[in-house]
Amino acid sequence: MTVASDPGAVLLSTRLTSHVRELTGSEPAVEPISVGGGAALIDRAAGRVVFLASPEKPAGALGHLLLLASRHQLDEAVVIYDDPSAAAVAARRSAAIDPAPTIQLADGLVLREVDPAPLPEVPSPAETPPCFVDLCRQAGVDPIQEAGIWRGEVLGLEVVRATLSGVEIGVGRMDREAGVVLHGDRPPAENLVSVADTVRTQRRAGSGVHPLATLVRERWLRHDLITDPSTIGLVGLVAVDPADTSGGLRDSVPAPAVGVDTAGARVLVVCSVGGDPDLVPVAADLVLREDPDRLIVVLPDRDVLPTLLAAVERLAVRSDVIGVRGGWS
């Protein structure tokens with residue numbers, strides 16, 4: 042879309058034009074556009090796209106840059122940040138992208154190179170809480186450890202969590218906290234069976250737009266693949282920690298897993314739903330962390346789009362995109 046008339050968009054556009062002058066030594070031949078809260082200058086004649094990150098949401102800039110570069114088939118891609126932390130993360134992720142985008146940090150009108158941030162440390166595995174796995178199994182709930190926390194899921198949706206004070210049952214933080222108050226005297230097994238059954242009644246094929254059916258569908262995809270990895274040509278698959286921490290149930294974060302194919306190769310699987318612009322940068326981080334022989338990105342059939350396919354091809358590892366029918370379809 043064209044740059045809007047609000048002062049923030051105009052300021053970003055003006056700044057981007059100034060930065061491009063510094064980068065190229067000449068006046069830009071095209072006008073900036075607004076994308077993802079930031080500003081982009083797409084110069085097809087020069088084979089270049091330059092993106093100025095949104096001050097409010099800088100973390101999303103690299104994903105938007107890669108989608109623009111892929112859509113317009115441009116090899117030279119530059120992203121400029123005001124936020125040093127976001128720039129350092131982008132610099133790290135760019136190491137798993139080929140051709141690698143250029144990451145710059147704005148210091149007034151001066152652009153500076155950025156040192157990559159180190160990979161976040163994966164939390165050490167936590168000991169299994171007493172009886173937690175048995176509690177989950179009795180209710181038909183899948184126990185899973187993520188970010189050092191033991192949880193139980195129904196079709197990818199968390200319904201129980203082990204805490205230092207005991208077991209919290211419910212969907213989401215507020216539901217879990219309410220459950221402690223309202224059902225604290227109820228046997229945990231009985232309470233968990235009730236919650237899990239409620240989730241299953243809505244989290245099914247043809248269930249429509251009920252919240253229990255639409256939340257964290259990328260994790261639902263991962264659950265189905267772990268249950269039957271042969272659907273994507275693998276002989277085994279286990280969940281691993283995501284690259285980013287979810288901000289809540291309505292925050293879509295690509296769901297990763299690691300498995301083995303029929304040739305014995307280590308395969309990273311990344312599940313995503315809804316055309317997430319952060320998919321490729323997140324996958325880049327996971328490639329750096331897991332060091333796979335190959336990558337499979339799994340999407341619902343309707344989300345397999347040409348621009349996203351081209352963006353995934355920029356990852357510096359053998360990559361495939363597979364469209365599947367979601368369990369909710």
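If you use the working numbering, the sequence shown closes out at 370, no skipped numbers anywhere.
Using N, Cα and C, we set each Cβ at its ideal position, and we do this for glycine too.
Of the residues the options, which one's Cα is nearest the Cα of residue i?
i, options, result
"E194", "A203, P184, R291", "P184"
"G316", "G104, I190, V130, D238", "G104"
"P166", "E187, E209, D269", "E187"
"P96", "D84, E63, G77, L107", "G77"
"R307", "C177, L336, E354", "L336"
"L196", "A304, R245, A357", "R245"
"P347", "G101, A50, D332, L109", "L109"
"S235", "V200, G101, V299", "V200"
"V365", "V294, L256, P270, D282", "P270"
"A324", "P295, G305, V208, C172", "P295"
"D376", "A94, I267, V119", "Past the boundaries of the shown model lies residue 376; the chain is included only from 42 to 370, so the question cannot be answered."
"L266", "C172, V174, D292, C312", "C312"
"L176", "E231, E68, E162, D285", "E231"
"L146", "A94, G305, R260", "A94"
"D292", "G367, E162, L256", "L256"
"V299", "D156, V276, S287", "V276"
"W261", "G367, P142, Q114, G207", "G367"
"G88", "R112, E117, S111", "E117"
"E168", "P142, L198, L205, S287", "L205"
"P171", "G305, G207, P142", "G207"
Here's a check: name, in chain order, each residue in its chain whose Cβ is nearer than 7 Å to the Cβ of residue i, leaving out the five neighbours to either side.
i, result
"G213", "L290"
"V362", "V338, L340, V345, L350, V353"
"L52", "none"
"L223", "Any reading at L223 must be qualified, since the residue scores a pLDDT of 48, below 50, and its modelled position is unreliable; the value itself is stated next. Around L223: no qualifying Cβ."
"G181", "A237"
"G383", "In this structure the chain extends from 42 to 370, so residue 383 is not present and cannot be described."
"L150", "S59, E63"
"A401", "There is simply no residue 401 to check, as the chain begins at 42 and stops at 370 in what is shown."
"P318", "G77, G101, G104, H105, L108"
"H251", "Q243"
"M42", "Any reading at M42 must be qualified, since the residue scores a pLDDT of 49, below 50, and its modelled position is unreliable; the value itself is stated next. So the qualifying residues of the chain are I74, S75."
"P283", "V294, P295, A296, P297"
"P157", "A129, A132, R133, A136"
"A285", "According to the sequence displayed, residue 285 carries Asp and not Ala. For D285, where only same-chain residues beyond five positions count, the Cβ hits under 7 Å are V294, V323."
"S67", "none"
In whole angstroms, what separates the C-alpha of residue i from that of residue j?
i, j, result
"A203", "R192", "6 Å"
"T242", "P229", "20 Å"
"V130", "A80", "20 Å"
"I144", "R355", "16 Å"
"L278", "L309", "9 Å"
"L320", "E154", "24 Å"
"V61", "V90", "10 Å"
"T268", "A280", "11 Å"
"R227", "S287", "30 Å"
"D342", "E162", "34 Å"
"L115", "T239", "49 Å"
"L198", "S111", "33 Å"
"D47", "L152", "25 Å"
"H264", "R258", "10 Å"
"T441", "T65", "Lying outside 42 to 370, the shown extent of the chain, residue 441 is not represented and no answer is given."
"G305", "A141", "29 Å"
Using a Cβ-Cβ cutoff of less than 8 Å, which residues in the same chain neighbour residue i once the five nearest sequence positions on both sides are dropped?
i, result
"A86", "A70"
"R359", "D334, R335, L336"
"P159", "R133"
"A254", "Q243, R244, R245, S248, W369"
"V174", "P184"
"P164", "A188, G189, D282"
"R56", "A80, L93, A147"
"H113", "I83, R85, V90"
Identify, in the order they occur along the chain, each residue of the same chain with its Cβ nearer than 6 Å to the Cβ of residue i, setting aside the five sequence neighbours on each side.
i, result
"P99", "Y122, D124, A127"
"L332", "In the sequence on display, residue 332 carries Asp and not Leu. Closer than 6 Å at the Cβ level, and outside the excluded window around D332, lies no residue."
"L233", "A180, V201, I210"
"R178", "none"
Are the C-beta atoms of residue i and some chain B residue less than 8 Å apart?
i, result
"P322", "Absent from the structure is chain B; it holds one protein chain and no more."
Is the number of C-beta pairs between the stretch 126-140 and the stretch 327-345 that are closer than 8 Å three or more?
Taking 8 Å as the limit for Cβ pairs, the verdict is that the stretch 327-345 does touch the stretch 126-140.
Extract the residue ranges of the beta strand (DSSP E) inside the stretch 309-334, only unbroken runs of 3 or more that lie entirely within it.
DSSP runs (the beta strand (DSSP E)) wholly in the stretch 309-334: none.
Beta strand (DSSP E) runs wholly inside the stretch 77-146, at least 3 long, in chain order
Qualifying beta strand (DSSP E) stretches, in chain order: 79-84, 89-93, 117-122.
Ignoring anything shorter than 3 residues or poking outside the stretch 228-303, list the beta strand (DSSP E) runs there in chain order.
With a minimum length of 3 residues, the unbroken runs of beta strand (DSSP E) contained wholly in the stretch 228-303 fall at 275-280, 296-302.
Can you check the stretch 165-201 for any alpha helix (DSSP H) of at least 4 residues that lies completely inside it and give the ranges in chain order?
For the stretch 165-201, whole alpha helix (DSSP H) runs of length 4 or above, ordered along the chain, are 173-179.
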